[in-house]
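Chemist:
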Amino acid sequence: MEARIVVLPGDGVGPEVTREAVACLQAVADLYGHQFTFEEALIGGAAVDACGDPLPARTLELCRGAAAVLLGAVGGPAWDKHPRDQRPESGLLRLRQGLGLYANLRPVKVHPALEDASPVRPEIVRGTDMMIVRELSGGLYFGEPRMFSPERAVNTLPYSREEILRVARVAFDLAQNRRRKLVSVDKANVLETSRLWRQVVDEVAVDYPEVAVQHAYVDSFAMALVARPRDFDVVLTENLFGDILSDEAAVLAGSLGLLPSASLGGTVGLFEPIHGSAPDIAGRDQANPIGTILSAAMLLRHALGLTEEALALEAAVDRTLHAGHGTSDLRGATHPQGTASLGAVIRAALTKDPVKPLPGVLPT
Ligand code: NAD
88 MEARIVVLPG DGVGPEVTRE AVACLQAVAD LYGHQFTFEE ALIGGAAVDA
138 CGDPLPARTL ELCRGAAAVL LGAVGGPAWD KHPRDQRPES GLLRLRQGLG
188 LYANLRPVKV HPALEDASPV RPEIVRGTDM MIVRELSGGL YFGEPRMFSP
238 ERAVNTLPYS REEILRVARV AFDLAQNRRR KLVSVDKANV LETSRLWRQV
288 VDEVAVDYPE VAVQHAYVDS FAMALVARPR DFDVVLTENL FGDILSDEAA
338 VLAGSLGLLP SASLGGTVGL FEPIHGSAPD IAGRDQANPI GTILSAAMLL
388 RHALGLTEEA LALEAAVDRT LHAGHGTSDL RGATHPQGTA SLGAVIRAAL
438 TKDPVKPLPG VLPT
């Protein structure tokens, strides 16, 4: 297969982690005989410094014509005092809007070697493997009218039937190919928007008779998420609740640096780790590249339809963690190392036969 992938390294640790993920994609291409071309473009603070715009028109144009976009992270203290439209994060929001992305997928999996790295007890997090699907383009963050005065401020939480339908379909499709359980999280006892959300989710459910559907209120679900995380398979929710719940769920895995994400819906998907630019460790070869490498695996699966290749890359990460390798953010790692060297170990572990032992490292 031939594919053109746009790479947006961004700021802070972004360039360090995307470098490793691109090298992994190249290794996958070599192993399976694909032809990937990588084109780098500016976003975030790096783009503000270079051309005064956190999302230059050329970057958006390149992304629109690509098979997929791989992003590192944006932001940092250097740009914190810039006006809102000159801030790195506004570049990312505009990119998501410009690509029409409405479904944000965040898998949260607790690796057996890292059960002790989570602040939640190992016997609770053991076996956790869920997919959070967050609506990304509607709701409170985009609702109009919005208004601020020193005495009163207003935000609005609108959802249309169509906006709920399309993200629900993404979640049900995922559930169909996983453990066939879906929980839809809302606040239907208080919010009209949530009542509509519930109604539409039930309508979509009719087309997926094999998927067991549950509805939960966001407050009690927030407790269940840390009390019994392994009960959940696909979690579907709106923008604001998804923002909060997906960060809460991230804690279960042990480090922000491990977790990938995919934003889908338009013609081109965006794949990025969930962490930010980590300015405190940037440029020191300390960042964990696994979140970005697993985002590259999601890119293979969701943007290019290369399921076997995605599984091979995920298996390489699994075996690397299992053998005790990891960056210093992982408490369970018995072979701590830097960003580049961890990336190299993962590539060395890449094989079409994922059950083969990892060369040159001790099994645990
Ligand atoms: P952050 O995710 O950058 O960092 C939080 C903590 O996690 C830090 O201690 C950091 O060192 C650690 N960390 C993050 N990624 C890591 C990795 N790969 N390996 C090891 N440790 C890692 O969040 P923050 O400090 O709140 O934000 C820093 C900047 O990033 C801000 O400018 C913020 O706006 C931006 N940000 C960007 C994104 C994005 O690009 N999608 C997301 C969140 C925050």
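According to our numbering, the residues represented by the sequence shown are 88 to 451, in order.
From the three backbone atoms N, C-alpha and C, an ideal C-beta is built for every residue, glycine too.
Here the structure is a predicted model, which means the values were calculated and not measured.
(1) Counting C-beta neighbours from all protein chains within 10 Å, is the total for Ala384 16 or more, i.e. buried, or is it exposed?
(2) Quick check on Asp273: does DSSP put it in helix, strand or coil?
(3) Take the Cβ of Pro444 as the centre, count every other Cβ of all protein chains shown within 10 Å, and call the residue buried at 16 or more, exposed below.
(4) Contact between the region 203 to 214 and the region 229 to 239: three or more CB pairs below 8 angstroms?
(5) Say the cut is 8 angstroms; is the CB of Ala383 nearer than that to a heavy atom of the ligand NAD?
(6) Whole angstroms is fine: what's the gap from Pro360's alpha carbon to Phe125's?
(7) Secondary structure at Thr451, three-state DSSP: helix, strand or coil?
(8) Report the option in Ala390, Asp405, Gly353 and Ser382 whose CA atom is closest to the CA atom of Thr35.
(9) For Leu188, tell me which candidate among Gly352, Gly411, Gly378 and Ala336 has the shortest Cα-Cα distance.
(10) Say the cut is 8 angstroms; is the CB of Thr414 nearer than that to a heavy atom of the ligand NAD?
(11) With a Cβ-Cβ cutoff of 9 angstroms, do Leu201 and Gly341 count as a contact?
(12) Taking 9 angstroms as the cut-off, decide whether the C-beta atoms of Leu63 and Gly226 are in contact.
(13) Look at the alpha carbon of Glu279 and the alpha carbon of Arg181, and state the distance between them as a whole number of angstroms.
(14) Near Val257, what residues of its chain come up, given a Cβ to Cβ distance below 7 angstroms and the 5 sequence neighbours on each side ignored?
(15) Quick check: Val272 and Leu323, are their CB atoms within less than 9 angstroms of each other?
(16) Nearest by alpha-carbon distance to Arg91: which of Gly152, Asp294, Gln424 and Val100 is it?
Modeler: Working from what's here:
(1) buried
(2) strand
(3) No answer about Pro444 holds up, because its pLDDT of 48 lies below 50 and its placement is not dependable.
(4) no
(5) no
(6) 18 angstroms
(7) Unreliable placement is indicated for Thr451, whose pLDDT of 31 sits below 50; no coordinate value is reported for it.
(8) No answer is possible for residue 35: the residues shown for the chain start at 88 and end at 451.
(9) Gly352
(10) yes
(11) yes
(12) Beyond the ends of the chain as shown, which are 88 and 451, falls residue 63; an answer cannot be given.
(13) 28 angstroms
(14) Ala190, Val220 and Leu351
(15) yes
(16) Gly152
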